[in-house]
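Q: Residue numbers (the numbering used here), protein chains in the order written: chain A, 1130 to 1331; chain B, 1130 to 1331; chain C, 1130 to 1331; chain D, 1130 to 1331.
Protein chains: 4
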Amino acid sequence: MNPKDDMISNAPRGRPRSSEVHRNILDATLVILSEVGVEKLSIEMVAGRAGVGKSSIYRRWKSKEALIVDALEQIKPEMNTTLQGDLREVLFDMARDFLQKMNTPLGKQMLSLMISTLSGNSQIAESFWEVHSLPKTKEIAGVIERYRHQERLRDDIDLDLVADYLIGFMIYQLLLKPPSLNGDDSLKQGIDLILNGMRRSE
Amino acid sequence: MNPKDDMISNAPRGRPRSSEVHRNILDATLVILSEVGVEKLSIEMVAGRAGVGKSSIYRRWKSKEALIVDALEQIKPEMNTTLQGDLREVLFDMARDFLQKMNTPLGKQMLSLMISTLSGNSQIAESFWEVHSLPKTKEIAGVIERYRHQERLRDDIDLDLVADYLIGFMIYQLLLKPPSLNGDDSLKQGIDLILNGMRRSE
Amino acid sequence: MNPKDDMISNAPRGRPRSSEVHRNILDATLVILSEVGVEKLSIEMVAGRAGVGKSSIYRRWKSKEALIVDALEQIKPEMNTTLQGDLREVLFDMARDFLQKMNTPLGKQMLSLMISTLSGNSQIAESFWEVHSLPKTKEIAGVIERYRHQERLRDDIDLDLVADYLIGFMIYQLLLKPPSLNGDDSLKQGIDLILNGMRRSE
Amino acid sequence: MNPKDDMISNAPRGRPRSSEVHRNILDATLVILSEVGVEKLSIEMVAGRAGVGKSSIYRRWKSKEALIVDALEQIKPEMNTTLQGDLREVLFDMARDFLQKMNTPLGKQMLSLMISTLSGNSQIAESFWEVHSLPKTKEIAGVIERYRHQERLRDDIDLDLVADYLIGFMIYQLLLKPPSLNGDDSLKQGIDLILNGMRRSE
DNA sequence: GAATAACCGAGACGGTACGTCAAGTCTTGGT
DNA sequence: ACCAAGACTTGACGTACCGTCTCGGTTATTC
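1) On the three-state DSSP scale, how would you describe residue 1282(A)?
2) Have a look at residue 1136(C) and residue 1267(C) and give me their C-alpha separation to the nearest angstrom.
3) In the DSSP output, which residue or residues are listed as bridge partners for residue 1328(C)?
4) For residue 1133(C), which residues of its own chain have a beta-carbon under 6 Å away from its beta-carbon, when the five flanking residues on both sides are left out?
5) Give me the subset of the segment 1156–1184 of chain D whose CB atoms are less than 9 Å from a CB atom of chain C, sorted by chain position.
6) Assess, as a yes-or-no matter, whether the segment 1175–1191 of chain A is touched by the segment 1204–1218 of chain A under the definition of 3 or more beta carbon pairs within less than 8 Å.
7) By the criterion of Cβ-Cβ separation under 7 Å, what are the contact partners of residue 1296(A) in chain B?
8) Among the candidates 1327(A), 1167(A) and 1190(A), whose CA atom is the shortest distance from the CA of residue 1278(A)?
9) Which residues mark the beginning and the end of the alpha helix (DSSP H) in which residue 1302(A) is found?
10) Should residue 1297(D) go down as buried or exposed, given a rule of 16 or more other Cβ atoms within 10 Å for buried?
11) For residue 1176(C), report the span of its alpha helix (DSSP H) as first-last.
12) Helix, strand or coil for residue 1313(D)? Go by DSSP, reduced to three states.
13) Are the segment 1232–1243 of chain A and the segment 1283–1298 of chain A touching, with three or more C-beta to C-beta distances below 8 Å?
14) Go ahead and pull the three-state DSSP assignment for residue 1141(B).
15) Just how far apart, CA to CA, sit residue 1283(A) and residue 1329(A)?
16) One question on the structure: do residue 1192(C) and residue 1248(D) come within less than 7 Å of each other, judged by their Cβ atoms?
17) Quick one: is residue 1237(D) near chain C, going by C-beta distance under 7 Å?
18) Helix, strand or coil: which one does DSSP assign to residue 1214(D)?
19) Any idea if residue 1292(D) is buried or exposed, counting beta-carbon neighbours within 10 angstroms, 16 or more meaning buried?
20) Are there three or more Cβ pairs, one per stretch, closer than 8 Å when the segment 1153–1167 of chain B is compared with the segment 1309–1324 of chain A?
21) Based on Cα-Cα distance, which residue from 1275(C), 1245(C), 1274(C) and 1260(C) lies nearest to residue 1304(D)?
22) Could you work out which residues of chain B lie near residue 1335(A), taking near to mean beta carbons separated by less than 8 Å?
23) Using beta-carbon positions only, say whether residue 1220(C) and residue 1320(C) come within less than 7 Å of one another.
24) Is the beta carbon of residue 1210(B) less than 7 Å from the beta carbon of residue 1272(B)?
25) Which chain B residues sit within Cβ distance under 8 Å of residue 1247(A)?
26) My output table needs one value for residue 1273(B): the three-state DSSP class, helix, strand or coil.
27) Find the residues of chain B that neighbour residue 1273(A), judging by a C-beta separation of less than 7 Å, and give them in chain order.
28) Kindly list, in the order they appear in chain A, the residues whose Cβ is closer than 7 Å to that of residue 1287(B).
29) Would you tell me roughly how many angstroms separate the C-alpha atoms of residue 1188(A) and residue 1172(B), rounded to the nearest one?
30) Taking a cut of 9 Å between CB atoms, which residues from the segment 1215–1244 of chain D lie near chain C?
31) Would you kindly work out how many angstroms separate the C-alpha atoms of residue 1163(B) and residue 1194(A), rounded to a whole number?
32) Answer yes or no: does any C-beta atom of chain D fall closer than 7 Å to that of residue 1153(C)?
33) Starting from residue 1262(D), find everything on chain C with Cβ-Cβ shorter than 7 Å and list it in chain order.
34) Cα separation between residue 1168(C) and residue 1168(D)?
35) Cβ of residue 1184(A) within 7 Å of Cβ of residue 1150(A)?
36) Is residue 1213(B) buried or exposed, if buried means 16 or more other CB atoms sit within 10 Å of its CB?
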């Protein structure tokens, strides 16, 4: 008896979806996003630019919003935690790297879209937090943890909270502060403040 | 002779704009915003709800966006700096008060709209920063300044930066953290961290 | 008391619909109909040709079909019953005139559309019959009636039926017979046949 | 040696087209036509109902229209010319039989489709006339011919024309007259009128 | 107190994009 | 070469709003 016989066939039938079409759509979306912004992006534009029919978009994504979210997901930056030098240096390098990557039209759009999506829907917010934000927090907290002894950090400090502080500070700098006030100096001072706050007072 | 008579009249001619109409429009806008959100708000909805013609809206605001911005401006919260107790208490009360006021559909919408507006247009961002954010920063910084001696704060600390930290942290809590993780405890710890960071180490 | 006060105002409010727009739409519809036919006519084409927004069409007509029906109504020919000469001549002139007017792309389209509309919906058929076809039948029957004595027509003849025969014959010639077989001769013979059928046999 | 071997094979290679598939498609088409009408019939519906892929339809028919025409051809009624009784009875039986067969959704659809197809394309009309309508006309004319002496019909009468009259009258009754006015009485009177018209006046 | 001018609600206007549907073609794996 | 399934491009559908324009009608100020 053929081993295949006793399983319900779940082999995909019909012409499979083209991954090239998929790619073209996401690429076109990002290009248009960076050219004209979220508000003025239209599905018809995307379809035209991608050389694709509208139905091929709606077959894959439920709505314009879903497509945009998916497209922006792609450019989510990896935190770069190389751990060279002391904690101060490590945190500074990491933060500067992140800020540089996100300080582009697309990066800002991603963040601000993320914010408007999440702040309006607590269900999405909850799961997004767990899948995307929490790991980031833990990653940063993990980095700090390795320096706990070396830097004589206080025992009672909640490292997740510290990580949140850093992330919040970076997002604030990125989105709300005018670009001109957004230099390395304030970043350095900010990190020092946090470091000092974490250290044992004596 | 009436003193008004000898000045060239600069009273506008024709029927003056009704301030009642103005109010009704803004009120309807806020109601709709809190009911269906920014995306689904339409001028026709606002006009209908306010019992007003579309032209009366476009006579006063250039576009839908302008109206929304104006409406949200109205619910911008005042920071409540009563200065009761020590610095820890003062900052905590202030922050909790702010968080409570903003932790509503409208409040979040205001913040997230502000963010998407600002992050896409650095010119608006610059002036908005000066008119709205900078004074806030200075206000908080001023509060901390009063406690500099009493709390033995470090001389070299940039209080504006500390204020930015606090604001960034609050916005982050409000918009990106899921409501469930958003308690007084983490706020308290966060403030302690900052306070500790500001104190002279010895 | 003003006599107007005790009636509910039914004065039209808001900007009145432009009769020019109305005309342009109907005209464009007819032009397109005669150029590409019913099947290939699209509302978007009509809007474009009429220099009008789609909404101005849908504001006036519920669907594409309703528009087409309305447009074709316009070219419905008047029967030309001048009553010059004897019955044979009168009927022949009338029929030839009708055939000539309808033997155009638009005319045929109107008839064939009328047929497909009516044959699929007996409710529309009923009222259409009363409003449009029955009067036509009566008109022709009336013409024949005037000659009843002069032409020694049988008393028991149902003139409506005779009219139906004539109309049916004309439509058949128009729509189903190839144009080449569609000459004055067969029309003349057909009318003679009917006339003979109506006369007293002795 | 097989006799087939010495002729060049003109049998098509590969799997032959399934005649079952062919039947299923035509049947499904007719069912759908009678259920929802021509306008709302879609190839996807037909394929689904026939349990068939779209390509199997397009492999056999060039377009949706071709399929529909083909399907409707199938229900084209045979004239039933049994020649029982005198001419009046024969014509009446034949006409009533035809009207009964065609007075169904499918029958009317067939006629009205035929009309809209033919009235828009004089080339198709010409050949359709020769292949389908002319034989019908001749058939009816032939029937009448047999009674020429017996019924004392005029010598100069064009029997084809008489047949056209009858066909035109029947189609008119079927498609344009509301069903309620469509009884045996008017049919009888109509036939009498024609018969009378054909007889020698003395 | 009549004229003038900007206001007002209502709703039509030309547009743009939405998300859906179907047409006819193409591409799978399988018969 | 056929088949069923279903993805592909194209293009129209009818709807919803945008921001503008045009009605009849309503207040104010100015002549």
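A virtual CB, placed ideally from N, CA and C, is assigned to each residue, including glycine.
Just so it is clear, the structure is predicted and the values come from calculations on it, not from any experiment.
A: Let me spell this out:
1) strand
2) The predicted model places residue 1136(C) with a pLDDT of 48, which falls under 50 and marks its position as unreliable; any figure quoted below should be read in that light. So the two alpha carbons sit approximately 41 Å from each other.
3) Bridge partners of residue 1328(C): 1282(C).
4) Unreliable placement is indicated for residue 1133(C), whose pLDDT of 42 sits below 50; the coordinate value is still reported in the next sentence. Excluding its 5 nearest sequence neighbours in each direction, residue 1133(C) has no C-beta neighbour in its own chain below 6 Å.
5) 1166, 1167 and 1168
6) no
7) 1301
8) Residue 1278(A) has its Cα closest to that of 1327(A), out of 1327(A), 1167(A) and 1190(A).
9) 1288–1304
10) Flag for residue 1297(D) reads buried.
11) 1172–1179
12) helix
13) no
14) coil
15) Approximately 5 Å, taken between the alpha carbons.
16) no
17) yes
18) coil
19) buried
20) No contact exists between the segment 1153–1167 of chain B and the segment 1309–1324 of chain A.
21) Of 1275(C), 1245(C), 1274(C) and 1260(C), the residue nearest in Cα terms is 1245(C).
22) Any question about residue 1335(A) goes unanswered here, given that chain A covers just 1130 to 1331.
23) yes
24) yes
25) 1304 and 1305
26) In this structure, DSSP gives residue 1273(B) a helical state, which the three-state scheme calls helix.
27) None at all; the shortest Cβ gap to chain B is about 12 Å.
28) 1318
29) 31 Å
30) 1234, 1237, 1238, 1240, 1241, 1242, 1243 and 1244
31) Here the alpha carbons of residue 1194(A) and residue 1163(B) stand approximately 20 Å from one another.
32) Output row for residue 1153(C): interface = no.
33) Those are 1305, listed as they occur along chain C.
34) Near 10 Å, if we compare the C-alpha coordinates of residue 1168(D) and residue 1168(C).
35) no
36) exposed
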